[in-house]
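Have a look at the structure below, then the notes.
In the UniProt record's numbering, the protein residues as written are 1 to 686.
In structure tokens form, the structure reads like this:
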């Protein structure tokens with residue numbers, strides 16, 4: 001588990017922590033030793049004076065603190081000293097990896113007397129993270145690439161009727177402007193050098209919008225003479241929010257709901273697709289872009305195996321080709337592709353609208369309000385009497401038939417060569433019997449010549465499917481963009497900004513948690529079996545601008561469920577994480593040095609994706625929250641806490657189902673999870 005905590009101001013620190021903070025402020029002078037008297041009183045009577053010795057930064061190394069003693073009225077007291085040497089409880093061998101993401105550490109050493117007249121030593125370290133700027137730059141580059149690709153696909157939609165063509169031109173104009181804005185922001189961020197820390201005073205700067213506020217690691221290492229050393233890590237970060245955009249109209253939670261409600265009830269200008277269908281269109285387009293080159297590669301490998309007359313290699317290549325092609329075919333079984341093809345057909349010049357788009361359908365009116373809106377496939381999408389709905393089925397099925405022909409040919413060739421009984425599976429459980437029987441006997445030298453025309457046919461059929469599906473699904477994305485420009489794009493920008501801030505904190509926390517738990521088999525097993533639970537503790541009030549900040553934060557943290565981690569072996573000294581994917585699905589590749597990578601479980605080393613379960617609990621604690629509780633509205637906080645409790649409960653169920661019984665029984669001896677959940681629910685409800 002990674003724990004995130006809001007920033008704590010100096011005056012909110014503990015008694016001793018505040019003392020050390022003030023001493024650090026006073027140590028600007030040349031004195032090497034400063035004595036600070038801190039008096040505690042009871043009813044006006046002074047009960048003790050604590051003298052704290054402080055050594056200037058850089059003048060004490062770890063271990064030297066034991067030689068410094070301070071007595072107060074004949075008794076040992078706490079000692080504070082500053083140092084610059086960072087330390088890792090997991091061993092100093094991991095320090096180069098940790099230092100690749102952390103910089104400018106500030107350390108303090110504390111000593112507390114124990115009852116047996118010994119010392120408990122504490123090292124507190126705060127470090128800023130290089131990831132504060134690295135992650136936003138990675139994300140912005142990804143957004144630019146994704147948006148340029150989408151803009152190009154919109155341009156390649158082909159000829160459209162005047163109404164749709166004008167909409168397309170308008171959309172492209174605004175989309176190009178947004179890409180230019182992202183490129184300008186990336187250029188400005190690339191100029192930033194020096195500190196990787198964005199303070200609260202910079203939260204309103206436009207060029208730093210994507211950078212998290214106050215992101216740093218707070219690490220406390222405790223060494224006791226009698227107990228095992230303990231390490232406490234807290235990632236502190238300001239609430240992910242679009243401060244430069246402002247909160248006059250609320251935050252993302254409210255803005256997205258309002259935008260979707262208005263778009264669903266808008267009239268004739270465009271065809272309404274629900275957010276779920278729009279996300280599905282993006283997913284299918286992404287799958288197409290990934291699978292098409294893979295299939296082409298495996299097809300070429302199959303031909304290469306045929307030219308080498310290698311039966312085993314031929315069977316392996318066919319297996320990979322079959323698996324990828326079946327995934328490709330399966331991607332188009334969704335009804336969305338069929339309805340999008342019809343919509344695009346009617347948008348072509350000469351398309352006849354049999355009925356205009358309807359803002360509401362009977363299905364939607366009868367469905368509960370809290371369910372996702374159903375796409376108006378029948379009422380919203382126009383029809384054309386000349387459209388052949390079966391044509392798509394024929395084009396789509398030809399890919400599967402082409403694969404079956406290849407499977408039949410490979411089986412025949414291997415059978416004649418005296419190989420095994422058969423290879424590969426077929427697409428729908430059936431081969432083309434006429435094609436199988438029609439394969440004549442050929443000499444062994446003709447394997448390549450026999451497979452080449454079949455591979456060519458597969459690629460042609462696949463190209464036809466890709467061309468039609470890409471255009472139709474891009475037309476779906478055009479509908480989302482066509483409504484309320486530039487509001488739609490500004491919402492996307494705001495969501496990208498908030499997500500970037502949230503992701504930077506998450507990646508920083510994951511890398512640190514991985515480093516400290518690298519040799520914890522229980523954590524690693526939970527990581528690849530269940531996933532990573534990430535808990536955010538928010539202290540924002542539900543009053544004034546902080547309402548909008550909390551609404552931004554809730555969406556940004558929820559969007560982290562779209563993130564998966566993948567751990568790979570570092571091939572160079574560059575161990576900074578790399579982000580791939582698109583807005584609906586991101587993969588963060590975390591690089592580990594070879595020695596650390598080898599200690600991981602096999603599933604993780606083989607590239608299994610590690611999924612993220614983010615939860616946010618907010619408890620407003622300042623005077624503004626007191627006003628909100630007495631005179632205002634705290635329903636936002638209540639809704640967020642209840643929703644995230646249900647997410648945590650879901651993770652608990654998965655944990656209990658998937659983790660081994662012996663691990664759960666050992667775990668339950670230390671933590672009564674069920675009782676903790678019940679207690680949390682009671683506190684949320686009260």
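All residues carry an ideal CB built from backbone N, CA and C; glycine is no exception.
Only a predicted model underlies this, so the values are computations on that prediction, with no experimental measurement involved.
Integer-rounded CB distance, given that residue j should sit under 8 Å from residue i
i           : j           : result
residue 600 : residue 567 : 6 Å
residue 168 : residue 506 : Not a contact, Cβ separation roughly 37 Å.
residue 197 : residue 276 : That belief does not hold up - the Cβ atoms of residue 197 and residue 276 are roughly 39 Å apart, past 8 Å.
residue 242 : residue 553 : Actually they do not touch by this definition, with Cβ atoms about 10 Å apart.
residue 134 : residue 576 : 6 Å
residue 570 : residue 592 : 6 Å
residue 548 : residue 250 : 5 Å
residue 649 : residue 677 : 6 Å
residue 283 : residue 584 : 6 Å
residue 186 : residue 132 : Actually they do not touch by this definition, with Cβ atoms about 15 Å apart.
Check whether residue i and residue j have beta carbons under 8 Å apart
i           : j           : result
residue 200 : residue 238 : yes
residue 281 : residue 98  : no
residue 173 : residue 188 : no
residue 171 : residue 144 : no
residue 210 : residue 664 : no
residue 476 : residue 272 : no
residue 618 : residue 637 : yes
residue 410 : residue 314 : yes
residue 285 : residue 470 : yes
residue 303 : residue 483 : no
residue 587 : residue 560 : no
residue 578 : residue 146 : no
residue 218 : residue 229 : no
residue 616 : residue 645 : no
residue 345 : residue 533 : no
Residue i: CB within 7 Å of a non-hydrogen atom of the ligand MN
i           : result
residue 523 : In terms of ligand content, the structure shown is empty, and the ligand MN therefore cannot be addressed.
Own chain residues within Cβ distance below 7 Å of residue i, not counting five before or after
i           : result
residue 491 : 255, 256, 259
residue 341 : 392, 468, 472
residue 656 : 664
residue 463 : none
residue 546 : 540, 624
residue 289 : none
residue 306 : 314, 447, 448, 451
residue 224 : 120
residue 294 : 324
residue 670 : none
Residue i classed as buried or exposed, judged by whether at least 16 other C-beta atoms fall within 10 angstroms
i           : result
residue 114 : exposed
residue 124 : buried
residue 390 : exposed
residue 412 : buried
residue 541 : buried
residue 333 : exposed
residue 100 : buried
residue 214 : buried
residue 232 : exposed
residue 175 : buried
residue 63  : Any answer about residue 63 is weak, because its pLDDT of 42 lies below 50 and its placement is not dependable; what the coordinates show is given next. Its Cβ having fewer than 16 others within 10 Å, residue 63 is exposed.
residue 325 : buried
residue 621 : exposed
residue 614 : buried
residue 102 : buried
residue 162 : exposed
residue 515 : buried
residue 502 : buried
residue 685 : exposed
residue 480 : buried
residue 298 : buried
residue 227 : exposed
Close-in-space but distant-in-sequence residues of the same chain around residue i (CB under 6 Å, 5 per side omitted)
i           : result
residue 336 : 277, 280
residue 611 : 531, 564
residue 104 : 128
residue 106 : 126
residue 402 : 457, 458, 461
Own chain, CB closer than 8 Å to residue i, minus 5 neighbours either side, in chain order
i           : result
residue 396 : 329, 332, 465
residue 406 : 302, 318, 321, 451, 454, 455, 458
C-beta neighbour in chain B for residue i, strict 8 Å
i           : result
residue 413 : Among the chains in the structure shown there is no chain B, since it carries only a single protein chain.
Restricting to runs no shorter than 3 residues, where is the beta strand (DSSP E) found entirely within the stretch 540 to 623?
Within the stretch 540 to 623, the complete beta strand (DSSP E) runs of at least 3 residues are 563 to 569, 578 to 582, 585 to 592, 610 to 618.
Those runs of the beta strand (DSSP E) which lie wholly inside the stretch 94 to 126 and span at least 3 residues:
102 to 113
What runs of the beta strand (DSSP E), each 3 residues or longer, lie entirely inside the stretch 171 to 227?
216 to 223
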